[in-house]
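Everything below concerns the one structure shown next.
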Amino acid sequence: MMTASLTTSTGIRLQPARRLSSPNRANRTIVRPLAALMPADYGWVMASVAYTAAVSQWQSIQVMKARKECGVPYPLMYATGEGEAANKFNCTQRGHQNMLETLPLQLAMQLLVGVLYPRGAAIQGAVWATCRIAYMRGYMTGDPKKRNPGAAICFFSFVGLLLTTAVLGVRTALGM
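Numbering (UniProt numbering), first residue to last: 1 to 176.
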């Protein structure tokens, strides 16, 4: 049986997926072509994305705990009124919301940069997610100023990934 292959502009040779006789292996028909398009170290990018998802889930749990402790009913996003309990809940909620505001951009850039620089993208993603823990822990105290150490690291990690994405985008568009 003759099979045709395709070579991409980056020199990656693509082979058509083989048909598998076993139905429980059908998912490999999809995975093999995708794996052929990814660099060998792209698994680190995926692991970093999974770590980021775990950090986001941890933050969600912190909000749920604070909601219960501070007596803030659903569907309220923030506590109304004043007082230490309301402030603590609002800070916890704000810490998580801040991550959610940049999460889609962070993940998109990380996945894009990871195609050419998988280890660098994975490291930047892991740093960003880890600083989100520091940011949240500081914010959860009820004193917004305590979020600043984590915020600075997150900012520089995000901007670094943004600039890398922009440079790679321009280089790719210009065929460089």
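Cβ atoms here follow ideal geometry from the backbone N, Cα and C, with glycine treated the same way.
Only a predicted model underlies this, so the values are computations on that prediction, with no experimental measurement involved.
Per-residue burial, residue i [other beta carbons within 10 Å of its own, 16 or more giving buried]
i	result
residue 89	buried
residue 148	exposed
residue 138	buried
residue 57	exposed
residue 169	exposed
residue 118	buried
residue 81	exposed
residue 83	exposed
residue 176	exposed
residue 136	buried
residue 20	The predicted model places residue 20 with a pLDDT of 46, which falls under 50 and marks its position as unreliable, so this point remains unresolved.
residue 99	buried
CB of residue i within 8 Å of CB of residue j, strictly
i	j	result
residue 124	residue 96	no
residue 142	residue 91	yes
residue 113	residue 121	yes
Same chain, Cβ closer than 6 Å to residue i, five either side skipped, listed in chain order
i	result
residue 86	79
residue 157	124, 127, 128
residue 153	131
residue 101	none
residue 72	79, 89
residue 146	138
residue 41	118, 119
Other residues of its chain near residue i: CB distance less than 8 Å, five sequence neighbours each side excluded
i	result
residue 140	62, 66, 88, 91, 92, 95
residue 103	52, 56
Rounded Cβ spacing between residue i and residue j (contact assumed at less than 8 Å)
i	j	result
residue 45	residue 111	7 Å
residue 115	residue 39	7 Å
Cut-off 7 Å between Cβ atoms - residues of its own chain near residue i, not counting five sequence neighbours on either side
i	result
residue 109	161, 162, 165
residue 144	91
residue 1	The predicted model places residue 1 with a pLDDT of 46, which falls under 50 and marks its position as unreliable, so this point remains unresolved.
(request) Tell me, please, whether the stretch 42 to 50 touches the stretch 72 to 83 by the rule of three or more beta-carbon pairs shorter than 8 Å. (result) no
(request) Could you say if the stretch 163 to 172 and the stretch 128 to 136 meet the contact criterion of at least three C-beta pairs nearer than 8 Å? (result) no
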